[in-house]
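Visitor: Under my numbering, the residue at position 19 of the sequence shown is numbered 24, and the numbers go up by one with no gaps.
Mind having a look at this structure? Questions to follow.
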Amino acid sequence: MRDSNNDLLKRGQEITENYFRFLDGHIEDVVSGKIDEFMEINAIADALFISHKHLTDTLQQETGHHPCYFYDDKIIEKAKDLLLNSEQSVSEIAKLLTYDPSNFSKFFKKFTGQTPGEFRKIQKK
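Below, the structure is given as structure tokens:
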């Protein structure tokens, strides 16, 4: 006999892992120029063959956070990587990540407490 609670737990983990894997690939595709812009969460859900609501509910249940939280977090992690491991200007990195440079600085500071330039300067000391 199958344990339906256990199956639901496994399915929730599978959806969460698929979402994270998709985000990693998607962000790389944007940075490499393979695609021009970040997808909306509902389009990502469609690509994962689930509803937006199911994706949101599952991630909330599995992690305690909305899918946007991880999306933003992974973009910030990619930005940090580019700031530390490339010679590209903050403006060039913003454009790679499809941001207007001033909006990118605000976005970055909201999550890190530092502007991209401050982050790069402090981390490279």
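C-beta: ideal position from N, C-alpha, C; glycine also.
Every value quoted in this text rests on a predicted model; they were computed, and no experiment measured them.
1. Using 8 angstroms as the threshold, is the C-beta distance between T61 and T21 below it?
2. I need the straight-line Cα distance from I80 to D86, nearest angstrom please.
3. Measuring CA to CA, which of Q128, G118, F25 is closest to T68?
4. Exposed or buried, what is S110 when buried is set at 16 or more other beta-carbons lying within 10 Å of its beta-carbon?
5. Per DSSP, what kind of secondary structure is D78 in: helix, strand or coil?
6. Quick check on the DSSP output: the alpha helix (DSSP H) that includes H59 runs from which residue to which?
7. Look up F54 in the DSSP assignment and say whether it is helix, strand or coil.
8. Where does Q128 fall in DSSP's three states?
9. Looking only at its chain, what residues have a beta carbon closer than 6 angstroms to the beta carbon of E123, apart from the 5 residues adjacent to it on each side?
Guide: Working from what's here:
1. Taking 8 angstroms as the cut-off, the beta carbon of T61 is found no closer than this to the beta carbon of T21.
2. Their backbone Cα atoms lie some 10 angstroms apart in a straight line.
3. Shortest Cα-Cα distance from T68 to any of Q128, G118, F25 involves F25.
4. With 16 or more other Cβ atoms within 10 Å, it is buried.
5. Annotated three-state conformation of D78 is helix, per DSSP.
6. In the DSSP assignment, H59 falls within the unbroken alpha helix (DSSP H) covering 57-68.
7. F54 falls in the coil class under three-state DSSP.
8. In the three-state reduction of the DSSP assignment, Q128 falls in the helix class.
9. Cβ within range, chain order: n/a, list empty.
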